[in-house]
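Take 2 as the starting number for the sequence shown in this note's numbering and just add one per residue.
The beta carbon of each residue, even a glycine, is placed where N, CA and C say it ideally should be.
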Amino acid sequence: MESGRSRPGVRFREPCDRVFYRNPTVGVAVIVLAGDRVLLVQRRGSHAGTWCIPRGHPQWDEEIGPAACRELFEETGLRVQLGPVVAVHGNRHDRERQTVGIWFWAEAVRGELRAGSDAVAADYFPLTALPTAMAFPTDRQVRDRLRRLPATGRLNQWPAAARVLEIGREHPVNDPKLGLLSFQPRLEASTTITSVRNQ
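Below is the structure:
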């Protein structure tokens, strides 16, 4: 019988002769808009009392799309129709637990809004009056982009990241050297939030 302790997807052997690299984990977040309002949750536990876009981590052997839908349901009670990825950021605010965050557009299609077990509250906020106490720097970046979205809500006008990192150096996003380094979805000029919801 193999000795050691285990949890789903991971097995530890003692003594261990493998190297486990300290790589970032993947996080998913879901932007749900209702008119000119965006869905946020107030956190319980870490960063208690602050607000964030509903988020979480995929489970072992779970795709990121279903993970995003599951996490949003667990935190808000809402079922969503998932839209496109609109932002990808490296979260480097916590040196002990770095993640790569993937943000999706989504539309709530059913369910009753309520705070899950890991949230104090869940509510929609006007884009012009979002909380200042946001949990994570990346959420504040997304908040600022939402505030700058034109009234038409065209997804191709979603601004790119303000800065990206290249070999330890920060560059403005309009630096031509960053063409292959920054991520922004390719969206047609005619694509709107409404048309994505109807796909």
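Margin query: Under DSSP, the beta strand (DSSP E) around Leu147 begins and ends at which residues?
Written below: Looking at the DSSP string, Leu147 is not in any beta strand (DSSP E); the run it does join, the alpha helix (DSSP H), is Pro138 to Arg149.
Margin query: Short of 8 Å in beta carbon distance, which residues of its chain neighbour Ala107, apart from the five on each side in sequence? Order them along the chain.
Written below: Val31, Ile32, Val33, Ala69, Cys70, Leu73, Val81, Gln82, Leu83 and Gly84
Checklist line | For Phe74, three-class secondary structure by DSSP | finding: helix
Item checked: Expected contact under 8 Å - CB spacing of Val42 and Pro55 to nearest Å -> At roughly 5 Å, the Cβ-Cβ gap stays under 8 Å, so Val42 and Pro55 are in contact.
Note to self: On the DSSP letters alone, give me the boundaries of the beta strand (DSSP E) that Pro85 sits inside.
What the structure shows: Element bounds for Pro85: Leu79 to Asn92.
Margin query: Could you compute how far the alpha carbon of Gly112 sits from the alpha carbon of Gly78?
Written below: 6 Å
Note to self: Which residue wins for smallest C-alpha separation from Pro67, given the options Arg45, Trp52 and Ile103?
What the structure shows: Ile103
Check: According to the neighbour-count rule (16 or more other Cβ atoms, all chains shown, within 10 Å of its Cβ), is Ala49 buried or exposed?
Finding: Exposed: under 16 other Cβ atoms inside 10 Å.
Notebook entry, point to check: Since Trp52 contacts Ala134 with CB under 8 Å, what's their CB separation in whole angstroms?
Noted result: 6 Å
Check: Taking the beta strand (DSSP E) that Gln43 falls in, what are its first and last residues?
Finding: Arg38 to Arg44
Notebook entry, point to check: Among residues of its own chain, excluding the 5 on either side of Asp140, which ones have a beta-carbon nearer than 6 Å to its beta-carbon?
Noted result: Cys53 and Ile54
Margin query: Just to confirm before moving on: does the CB-CB distance between Asp37 and Leu128 stay below 7 Å?
Written below: Against a cut-off of 7 Å, the Cβ pair of Leu128 and Asp37 comes out as a contact.
Notebook entry, point to check: If we call anything under 7 Å between Cβ atoms a contact, is Ala123 one with Ala116?
Noted result: yes
Check: Below 7 Å between beta carbons: does that hold for Arg23 and Val121?
Finding: no
Margin query: Can you give me the C-alpha to C-alpha distance between Leu147 and Asp62, rounded to a whole angstrom?
Written below: Between Leu147 and Asp62, the C-alpha separation is close to 32 Å.
Notebook entry, point to check: By Cβ distance, which residues of its chain are closer than 8 Å to Ile65, with the 5 residues on each side in sequence left out?
Noted result: Val27, Val29, Pro59 and Ile103
Notebook entry, point to check: Quick one: what does DSSP say Ala107 is sitting in, helix, strand or coil?
Noted result: strand
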